[in-house]
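A short worksheet on the structure shown next.
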Amino acid sequence: MPEVGANGMRTPTFRVLVADDNEVAQRLCKRVLEKAGYPVLIAADGLQAVDIALRERPEMILMDVAMPGIDGLEAMRRIKTEIPAMPIVIASAHSMSSDRERFLAAGADNVLSKPFRLADLISIVEQLASVK
Numbered sequence: 003m004p005e006v007g008a009n010g011m012r013t014p015t016f017r018v019l020v021a022d023d024n025e026v027a028q029r030l031c032k033r034v035l036e037k038a039g040y041p042v043l044i045a046a047d048g049l050q051a052v053d054i055a056l057r058e059r060p061e062m063i064l065m066d067v068a069m070p071g072i073d074g075l076e077a078m079r080r081i082k083t084e085i086p087a088m089p090i091v092i093a094s095a096h097s098m099s100s101d102r103e104r105f106l107a108a109g110a111d112n113v114l115s116k117p118f119r120l121a122d123l124i125s126i127v128e129q130l131a132s133v134k
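The sequence shown begins at 3 in the working numbering and counts up one residue at a time.
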């Protein structure tokens, strides 16, 4: 588990990029993750996600699939080309097992079906943070 600094935030060694075009989802994920001590970066579309991921090198990305510009799967492909070990969790309303298998085959490290429980998001982040 990452160390907690004087301000109550975990040391910024495990930052999460939330890539979602829905502002409510952005704010909710940001609030919950920051409350759990994880610094958060926000991208509102796939191109922003690629740009921020390559520039900032967060420790994990939560990636929506349906976004303007390029979708989350294309953004993930571009990021994984440059940073193959980057953990990316896909968040999608497509929850059929064939969709999950397709996302994992495309390179996702995990899949959360929307709407997801915030406790499940925190659990995944904590699992990934513990191996970093």
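Each residue gets a CB set at the ideal place from its N, CA and C atoms; glycine is no exception.
Inter-residue Cα distance where the pair is residue i and residue j
i, j, result
"residue 89", "residue 61", "7 Å"
"residue 55", "residue 29", "19 Å"
"residue 49", "residue 78", "10 Å"
"residue 16", "residue 100", "31 Å"
"residue 21", "residue 127", "15 Å"
"residue 107", "residue 36", "30 Å"
"residue 57", "residue 45", "12 Å"
"residue 42", "residue 33", "9 Å"
"residue 40", "residue 72", "26 Å"
"residue 123", "residue 27", "12 Å"
"residue 63", "residue 31", "12 Å"
"residue 96", "residue 84", "27 Å"
"residue 113", "residue 86", "17 Å"
"residue 138", "residue 65", "No information on residue 138 is available, as it lies outside the stretch 3 to 134 that the chain covers here."
"residue 129", "residue 119", "16 Å"
"residue 117", "residue 104", "19 Å"
"residue 121", "residue 59", "25 Å"
Expected contact under 8 Å - CB spacing of residue i and residue j to nearest Å
i, j, result
"residue 94", "residue 125", "That belief does not hold up - the Cβ atoms of residue 94 and residue 125 are roughly 18 Å apart, past 8 Å."
"residue 52", "residue 92", "Rounded, the Cβ-Cβ distance is 15 Å, inconsistent with contact."
Environment of residue i [buried if 16+ CB atoms lie within 10 Å]
i, result
"residue 69", "buried"
"residue 110", "buried"
"residue 131", "buried"
"residue 47", "buried"
"residue 2", "Summary: the structure shown does not reach residue 2, with the chain confined to residues 3 through 134, and so no result is reported for it."
Bridge partner(s) assigned by DSSP for residue i
i, result
"residue 90", "63"
"residue 113", "92"
"residue 42", "18"
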